[in-house]
Amino acid sequence: MQLQHIYQRLRETAVVVGLTGAVGSGCTESAKFLAKKELSNDLFTKIENSVINNITSYDNLEIYRLRKIKFFLDEKGWKDFFHLKLSDLLFCIFFAGINEEKKIDYKVDDWLPNKEKLQEAKNLSRNLYCLIKNNAQIKESNTNSVKITKKLNMLGDFIRKNVKKKRTNYTNIFQRIGSELRENGLSIHIKEEPSKETNVFTLTEFAVKAINLLQKEGINFITVDALRNTYEINYMKASFSNFYLFSLNSERKIREGRLMRSFGYTSNDINKIQSLETEEKKFHSQNINTCISNGDVFVSNNTNKEHLYYHFLKYVCLIRKPGLFTPTTDERNMQIALTARYNSGCISRQVGACVTGRDGYILGVGWNDVPENSIPCLYRSSASLILDDYTNSSDFSSYEKSSDFKKYIKQEIGARNDPFCFKDLENKQQITIRLNKITEGTALNVSEQEKLQNLYKNPSRERALHAEENAFLQSAKVGGSPLKDGTLYSTASPCQLCAKKAMQLGIKRIVYIDAYPDISIDQTLKSGPEDRQPKLEQFSGAAESAFMKLFKPLINIKDELYA
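Each residue of the sequence shown is one higher than the one before, counting from 4 in this note's numbering.
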């Protein structure tokens, strides 16, 4: 019993669940579910029925996983999470340092028009800011210390009751505030804060201090809604050993419908928001796609709320009791694809894939890499190419060793010991040649150059085969079974070239994590007779390090039974 008690304490101490996803993907709805004080029998029955009615969407063990979850909750009970909203912390920082100039610049009167309420917002925010910043309790009286839960709830209630969030500029403004904090630190809003260098961790440092205070109050289950920058996520993972990032995915049309119904957004409003969410040019910007791909648990939210709730219920139970049940077929196979990608010597992007036959057995595993006997880009440098001693090396092709190409490389990047991307440099060279012909030597501004460069990018200049290609070819090389009616698992949805190969091989289902940024899905995979098109699904389940943390029991199951 003592051993069980120790392991129970280890499982249920300081669990932090981070949520990430595009606006409209369901982060707030997920946080509200986790924050429920109790899981009623009625709600559990609805969740249970949702799984049973859609059992064909799962593998043949899901009904047994559902049963294990029910037994676990009957024994251990439901644990509610404290809902920590990053948007509330942004509100707190902003109003703690607000002045008349900022009030006008950020159009505060549009979404908080009442002057008395404006003063209340200042008071609540400054109080909470001091509490979190100083990481110490403040006193309301000589005897009672103020709990951070009380202050956070007071601010949250104020925002919910008084701020007109349905005004579209509210979302845009708070996205702007978040970017400013990541770029400039607190000094941009807080007067007493000295000027400092760019600090992308400003908001997360503030959030981590808040979480530490919550834990001091004995709150061990916390959900953070919503993380929108990769560096913030890495900071959270480094700060809490029991941190899990849940990545929510929803199809764009579904997200747009939710935003239009709930907030009255127009298509133009949504485009502006999504443009900010996917701006990856600066490290302090939001980069939702990258955040999603770094998830520990992936959740697809394209159907009903009960489907969404089930996935959170399922993986929270696993967090509390690792090894409660075994991985799904998709989790097992995607984990192989995710592991395979780290074999890639590509310096641009690592992608992994595996392909199964119609019976579910793996027939091929691949990662994006150069053909056999060629040297991956990771191990080649411009210095190796330019130096005369390496002219006859088999590390480089005849084209690369030509005097013209070597001269271009020397001019472009010089003799460096760092790896270089042949595709990027060759594309740039050919684009420059074409631009000179088109513009007849007339100088273009940066924006015009970028637009024309995007038109002339040529993926056929890649040295590497794609992960899906290598998985297909591995199956062919070892004389495997036919891939017709099989399933392709890939960490990224296939490009047009790989999509065509999958169609030709008769792949019946494609499961992926990241959506490849081209028209391959709509143009290639959704062409021809509908009943012959492969079924496309974004991956749902645990991945990478979380796979091991969740499915490996802390103690052997038999030993625990008799402990």
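C-beta atoms are modelled at their ideal positions from N, C-alpha and C, and glycine is treated no differently.
Neighbourhood of residue i by C-beta distance below 7 angstroms, restricted to the same chain and skipping five residues each side
{"i": "S198", "result": "Since pLDDT at S198 reaches only 49, below the 50 mark, its modelled position is unreliable, and no value is offered."}
{"i": "K409", "result": "L388, I389"}
{"i": "T207", "result": "E235, Y238, M239"}
{"i": "T146", "result": "The pLDDT assigned to T146 is 43, lower than 50, so where the model puts this residue is not dependable; a value taken from the coordinates is nonetheless given after this. Nothing listed; no residue qualifies."}
{"i": "I560", "result": "G326"}
{"i": "S484", "result": "G360, L366"}
Alpha-carbon spacing of residue i relative to residue j, whole angstroms
{"i": "N223", "j": "L87", "result": "12 angstroms"}
{"i": "V494", "j": "G29", "result": "According to the sequence shown, residue 494 is Thr rather than Val. Going from the Cα of T494 to the Cα of G29 covers about 22 angstroms."}
{"i": "P537", "j": "Q499", "result": "14 angstroms"}
{"i": "L327", "j": "I66", "result": "14 angstroms"}
{"i": "I72", "j": "K82", "result": "13 angstroms"}
{"i": "K110", "j": "L93", "result": "16 angstroms"}
{"i": "K431", "j": "L381", "result": "20 angstroms"}
{"i": "N305", "j": "T59", "result": "16 angstroms"}
{"i": "I135", "j": "V319", "result": "28 angstroms"}
{"i": "D62", "j": "R512", "result": "14 angstroms"}
{"i": "S502", "j": "S496", "result": "The question names Ser, but residue 502 is Ala in the sequence shown. In a straight line, the C-alpha of A502 is about 9 angstroms away from that of S496."}
{"i": "T226", "j": "V19", "result": "6 angstroms"}
{"i": "I524", "j": "M506", "result": "11 angstroms"}
{"i": "L115", "j": "V166", "result": "5 angstroms"}
{"i": "S384", "j": "Q433", "result": "21 angstroms"}
{"i": "L476", "j": "Y402", "result": "26 angstroms"}
{"i": "K164", "j": "K120", "result": "10 angstroms"}
{"i": "D1", "j": "E103", "result": "No information on residue 1 is available, as it lies outside the stretch 4 to 566 that the chain covers here."}
{"i": "E547", "j": "P422", "result": "27 angstroms"}
{"i": "Q178", "j": "S278", "result": "11 angstroms"}
{"i": "K529", "j": "D398", "result": "40 angstroms"}
{"i": "G181", "j": "N138", "result": "22 angstroms"}
Residue j beta carbon less than 8 angstroms from that of residue i
{"i": "T527", "j": "I295", "result": "no"}
{"i": "P330", "j": "F550", "result": "yes"}
{"i": "K426", "j": "R466", "result": "yes"}
{"i": "S250", "j": "V302", "result": "yes"}
{"i": "F315", "j": "F85", "result": "no"}
{"i": "W370", "j": "N292", "result": "no"}
{"i": "A470", "j": "R344", "result": "yes"}
{"i": "L230", "j": "G367", "result": "no"}
{"i": "L64", "j": "E51", "result": "no"}
{"i": "L575", "j": "I510", "result": "Residue coverage of the chain in this structure runs from 4 to 566, which leaves residue 575 outside it and unanswerable."}
{"i": "L567", "j": "D228", "result": "Here the chain covers residues 4 to 566 and nothing more, so residue 567 does not appear."}
{"i": "A25", "j": "E334", "result": "no"}
Beta-carbon proximity list for residue i, same chain, < 6 angstroms, skipping 5 on both sides
{"i": "G567", "result": "Because residue 567 is not part of the residues shown, which for the chain are 4 to 566, the question remains open."}
{"i": "L216", "result": "I151"}
{"i": "L553", "result": "L321, P325, A545"}
{"i": "Y492", "result": "N336, M337, A340, C357, V514"}
{"i": "V354", "result": "R344, N371, A470, T494, A495"}
{"i": "K49", "result": "E309"}
Whole-Å CB distance - residue i paired with residue j, under 8 angstroms assumed
{"i": "T174", "j": "I101", "result": "Contact doesn't hold; Cβ gap of about 19 angstroms is too wide."}
{"i": "T332", "j": "G363", "result": "6 angstroms"}
{"i": "E32", "j": "L311", "result": "7 angstroms"}
{"i": "L184", "j": "M157", "result": "Rounded, the Cβ-Cβ distance is 22 angstroms, inconsistent with contact."}
{"i": "N130", "j": "K154", "result": "6 angstroms"}
{"i": "N232", "j": "Q289", "result": "6 angstroms"}
{"i": "N307", "j": "S53", "result": "6 angstroms"}
{"i": "F243", "j": "A17", "result": "6 angstroms"}
{"i": "G489", "j": "T359", "result": "5 angstroms"}
{"i": "R464", "j": "E429", "result": "5 angstroms"}
{"i": "I193", "j": "I96", "result": "7 angstroms"}
heavy atom of the ligand ATP below 7 angstroms from residue i C-beta
{"i": "D517", "result": "What this structure holds is no ligand at all, so the ligand ATP is not there to describe."}
Cβ neighbours of residue i in the same chain (closer than 8 angstroms, five flanking residues each side left out)
{"i": "C349", "result": "N371, D372, P379, C380, L381, A467"}
{"i": "K555", "result": "P325, G326"}
{"i": "E200", "result": "Reliability of the predicted coordinates at E200 is poor, the pLDDT of 49 falling under 50, and no value is obtained from them."}
{"i": "N245", "result": "T16, A17, V18, V19, I322"}
Interface flag, residue i vs chain B, CB-CB below 8 angstroms
{"i": "L248", "result": "No chain B appears in the structure shown, which is made up of a single protein chain."}
For the stretch 281–350, list the alpha helix (DSSP H) runs that are entirely contained and at least 4 residues long, ordered along the chain.
The stretch 281–350 contains these whole alpha helix (DSSP H) runs: 291–296, 308–323, 332–343.
Only counting runs of 3 or more residues, tell me where the beta strand (DSSP E) segments fall wholly within the stretch 221–257, in order along the chain.
Counting only runs of 3 or more, we get 224–228, 246–252.
Identify every run of the alpha helix (DSSP H) within the stretch 98–176, keeping only runs that are complete inside it and at least 4 residues long; order them along the chain.
Runs found: 103–108, 111–114, 118–137, 151–165.
Which ranges does the alpha helix (DSSP H) cover as unbroken runs of at least 4 residues, wholly within the stretch 350–410, from first to last along the chain?
Listed in chain order, the alpha helix (DSSP H) elements of length 4 or more contained wholly in the stretch 350–410 are 385–389.
Within the stretch 489–530, note down every full alpha helix (DSSP H) run reaching 4 residues or more, in order along the chain.
The qualifying runs are 499–508.
4 or more residues per run - each alpha helix (DSSP H) lying fully within the stretch 24–50:
List check, alpha helix (DSSP H) in window: 30–37.
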